[in-house]
Each structure stands twice: as C-alpha cells, then as structure tokens.
Amino acid sequence: MGIEALRGLHAAHGRTDPWGKPAPAYHRDVTPGNVLIGLNGIVKLADFGLARAMDRAKITRPEMVKGKVAYLPPEMVDDSKTEPTPQSDLFSLGIVLWE
Numbered sequence: 007m008g009i010e011a012l013r014g015l016h017a018a019h020g021r022t023d024p025w026g027k028p029a030p031a032y033h034r035d036v037t038p039g040n041v042l043i044g045l046n047g048i049v050k051l052a053d054f055g056l057a058r059a060m061d062r063a064k065i066t067r068p069e070m071v072k073g074k075v076a077y078l079p080p081e082m083v084d085d086s087k088t089e090p091t092p093q094s095d096l097f098s099l100g101i102v103l104w105e
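Read left to right, the sequence shown gives residues 7 to 105 (my numbering).
Structure, rendered in structure tokens:
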C-alpha cells in the first residue's frame with residue numbers, strides 16, 4: 007500500500023506543464039480517508055481538493071491551515087505561511103502508514 011501511495015505522490019510532485027516545465031502539485035491532505043484501496047488491490051490517492059499546483063496563483067488564504075492538523079508536519083501547523091513541499095506530503099503519508 008505504501009509503495010503505491012508513494013508512486014501516486016511521485017506522479018503529482020513530478021508533474022510538468024504542456025511545455026515540459028516542472029509544475030508540481032502537492033496533495034496537502036493525505037489522510038487515511040484519502041488513501042483508497044480498490045477491490046483489485048490497487049491503491050489510489052483521492053480528494054485532491056486542497057491540492058495546489060505550484061505554478062498557479064494561491065487559492066487559499068495564506069494564514070489558513072490547510073489539511074487535517076493530525077496529519078500535517080509541525081512546520082505547517084506552527085507557521086501557516088509555510089509553503090507545501092513534497093516532504094510535507096511524505097510526512098502525512100508516514101503518519102497514515104504508522105497508524
């Protein structure tokens with residue numbers, strides 16, 4: 007399960023625009039309810055509603071904490087102006103796998 011979820015995050019983080027320029031998207035809400043396992047055993051990440059492509063303008067207010075606090079890395083909770091990174095999604099997935 008963990009490896010397939012990591013592959014999904016890798017695809018989002020490694021995304022490019024139509025011209026091949028890096029345009030990563032960070033999930034920002036990796037929680038148990040957003041890691042789905044199908045009847046065929048395939049793992050999918052769901053609910054990219056909080057995701058933000060880093061090549062786009064900010065959508066949410068910078069002072070708002072985005073995501074569920076229990077799954078956010080400490081720096082995202084302590085400083086709501088901290089930008090999401092691949093590491094913040096990995097931290098959240100680590101908490102999910104630990105549970």
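Glycine is no exception: its CB is placed at the ideal position from the N, C-alpha and C atoms.
Treat the numbers as computed from the prediction; the structure is a model and nothing was measured.
Check                                                                                                                                 : Outcome
Put Pro38 into one of helix, strand or coil per three-state DSSP.                                                                     : helix
Beta strand (DSSP E) containing Leu51: first to last residue?                                                                         : 49-51
Distance, Cα to Cα, Val102 vs Tyr77?                                                                                                  : 8 Å
Once you ignore the five residues that flank Leu42 on each side, which residues in its own chain have a CB closer than 6 Å to its CB? : Lys50, Ala52
Alpha carbon to alpha carbon, how far is Asp95 from Trp25?                                                                            : 25 Å
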